[in-house]
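**Student:** Please find one structure pasted underneath; my questions will follow.
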Ligand SMILES: [Zn+2]
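Numbering (the working numbering), first residue to last: 493 to 662.
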């Protein structure tokens with residue numbers, strides 16, 4: 493009887509070891525898939541400094557994935573961010589928002605991002621100005637981000653009132 497129990501324990505141990513081995517092999521396969529050569533050959537990340545508005549997240553991410561041929565879009569979100577970057581204040585909370593945006597773009601560069609978009613959109617709660625004025629904010633915001641001196645290409649995007657159409661501002 494004791495011997496039987498002993499064998500059963502051995503069987504359990506062996507089963508556990510086998511399960512562990514299968515699990516580790518599976519985990520290894522998942523990891524090698526995530527770092528396949530095709531990911532290393534193409535830019536996997538790009539970056540968007542976008543409003544927090546939920547309506548503009550998917551359209552901007554979809555646009556950027558195509559525009560940059562990237563798999564992932566790092567999103568840096570602040571309400572009415574084009575106005576904050578255009579103002580580029582040297583004091584107050586907004587100053588620290590700008591510093592934080594700079595630091596987060598640097599993290600995206602560590603992911604390999606070569607392009608960052610700054611986004612403005614229709615009916616923005618954080619920046620209630622009209623389209624023309626917001627596009628001026630975008631142009632000034634570009635100057636602010638370029639002055640960070642981060643060696644990253646800055647593009648400007650406008651999301652139209654259908655919250656689907658994304659326009660590249662020249
Ligand atoms: Zn907004």
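Think of the CB as a built atom: it goes at the ideal place given N, C-alpha and C, for glycine as much as any other residue.
(1) Beta carbon of residue 543, beta carbon of residue 565: below 8 Å?
(2) Do residue 592 and residue 633 count as a contact pair if the criterion is CB distance below 8 Å?
(3) Since residue 613 sits in a beta bridge, which residues does DSSP pair it with?
(4) Answer with buried or exposed for residue 561, where buried requires no fewer than 16 other C-beta atoms within 10 angstroms of its C-beta.
(5) Can you check whether the CB of residue 658 is closer than 8 Å to the CB of residue 649?
(6) Given 7 Å as the limit, tell me if residue 545 has its C-beta closer than that to any heavy atom belonging to ligand 1.
(7) Tell me the DSSP secondary structure of residue 543 in three-state form.
(8) Mind reading off the beta-carbon distance from residue 578 to residue 613? Whole number of angstroms is fine, and I expect it under 8 Å.
**Tutor:** Answer, in terms of the structure:
(1) No. Outside cutoff.
(2) Result no, Cβ atoms of residue 633 and residue 592 do not sit closer than 8 Å.
(3) When beta bridges are read from the DSSP output, residue 613 appears opposite 651.
(4) Its Cβ having fewer than 16 others within 10 Å, residue 561 is exposed.
(5) In this structure, residue 658 lies closer than 8 Å to residue 649 by Cβ.
(6) Correct: residue 545 has its Cβ closer than 7 Å to ligand 1.
(7) If DSSP states are grouped into helix, strand and coil, residue 543 belongs with coil.
(8) Between residue 613 and residue 578 the Cβ distance is about 15 Å, and since that is not below 8 Å, they are no contact.
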